[in-house]
Amino acid sequence: MTNLSPATAQVESSNTIFEPISIPSLLPNLPPDDDTPQTNHGTGTRGDCEYNEGDLLLTRMAGGKNFQLTVSEYPTFWVYVPYGSDKVSSGEFSIQHGEDDLYRTTFKLPATPGIVSVTIPKTEKPLEIGKTYRWYFEMSCPRSTQAPQAATRLAPASLTGFVRRVSQPPELEAELNQAKNPLERVAAYASHDIWYDMLTELAQLRLQYPDNATLESIWLELLGDERIGLKEIEQEPIAGSVIPSDVITNSQSE
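Here is the structure:
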């Protein structure tokens, strides 16, 4: 396991004080660098969105090489979107195994740009243990009718990534059951390289305690690590869940 510098975490609210906990690592077990180019940015398969030079780009937070594992039947997917609902008319999220859709939904973005989430509803078919799925996050950006400014560029309007559900190790189950506070759950997922669920637990804590300095420090340390590749969005707000506007499952389309 590759370690971040140890951090002592204590989360406080008006009603609850959690005992301090050492967070020795929030990184998956990364293999040696094989010089393979890695990017968390979008692709151009779904058209483009306008942006100004220097703006941040559409960015996935999970789903790349070494960041694909979940133990959840219905995982949550996290994406940084540099647009609000005033810039993007609609979006679509889908997840597939081979040629088959497991889940597909259209959505609206929150009003403000930021990190957004998509969760597969529990009414849908769950991810199966041992299978790797590919997901797509796509946006429809209306083009401006005005003459473009000199700094205006076109950026990819879609992302893709992978998620693989694995069985929950008995050791992880025991650690989760024995966790005395939410940060111990974060540490448990991290120690078993379960990136999707670790990220979800930590992001939800940040939403619940937005002003907590310790959580902010852990978040910045994690995203800022060069091996994660998310430093450019480390200061961006978590805008919350996308707003589903339509759901189409494989069973409904048959």
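Going by the UniProt record's numbering, the letters in the sequence shown line up with residues 1 to 254, in that order. Idealized CB from N, CA, C, for every residue including glycine.
Paired residues, beta bridge with residue i - DSSP
i    : result
Q204 : The partner list for Q204 (beta bridge, DSSP) is empty, contrary to what the question assumes.
Y136 : S94, T160
K108 : I243
L69  : R164
I238 : I115
D101 : Q96
V79  : R60, V116
Residue i vs residue j beta-carbon contact at 9 Å
i    : j    : result
E201 : P126 : no
L230 : L223 : yes
G54  : G240 : no
L102 : P82  : no
L205 : L183 : yes
D48  : A179 : no
T76  : V118 : yes
S191 : L176 : no
I238 : L207 : yes
With 16 other Cβ atoms within 10 Å as the buried cut-off, status of residue i
i           : result
S89         : exposed
S245        : exposed
L220        : exposed
D197        : buried
D33         : Annotation note: pLDDT 45 at D33 (below 50); position unreliable, coordinate value reported separately. Classification of D33: exposed, given that the 10 Å Cβ count is below 16.
Y91         : The residue asked about is misnamed: residue 91 is Gly in this sequence, not Tyr. With 16 or more Cβ atoms within 10 Å of its Cβ, G91 is classed as buried.
T123        : exposed
A174        : exposed
A188        : buried
P6          : For P6, the predicted model reports a pLDDT of 48, less than 50, meaning its position is unreliable; a value from the coordinates is still stated below. It is exposed - the Cβ of P6 has fewer than 16 other Cβ atoms within 10 Å.
R227        : exposed
I129        : exposed
residue 262 : Nothing about residue 262 can be reported from this structure: the residues present for the chain run from 1 to 254 only.
Integer Cβ distance of residue i from residue j, believed to fall under 8 Å
i    : j    : result
Y133 : I194 : No, Y133 and I194 are not in contact; Cβ-Cβ is about 16 Å, not under 8 Å.
F67  : F137 : With 8 Å as the limit, F67 and F137 do not qualify as a contact, their Cβ atoms being about 15 Å apart.
V79  : T59  : 7 Å
Review point. Do the segment 94-110 and the segment 225-235 make contact, defined as three or more Cβ pairs closer than 8 Å?
Key: Under the Cβ criterion (8 Å, minimum of three pairs), the segment 94-110 does not count as touching the segment 225-235.
Review point. Three or more C-beta pairs closer than 8 Å, one from the segment 161-169 and one from the segment 57-64: is that the case here?
Key: Between the segment 161-169 and the segment 57-64 there are three or more inter-stretch CB-CB distances shorter than 8 Å, so the stretches are counted as touching.
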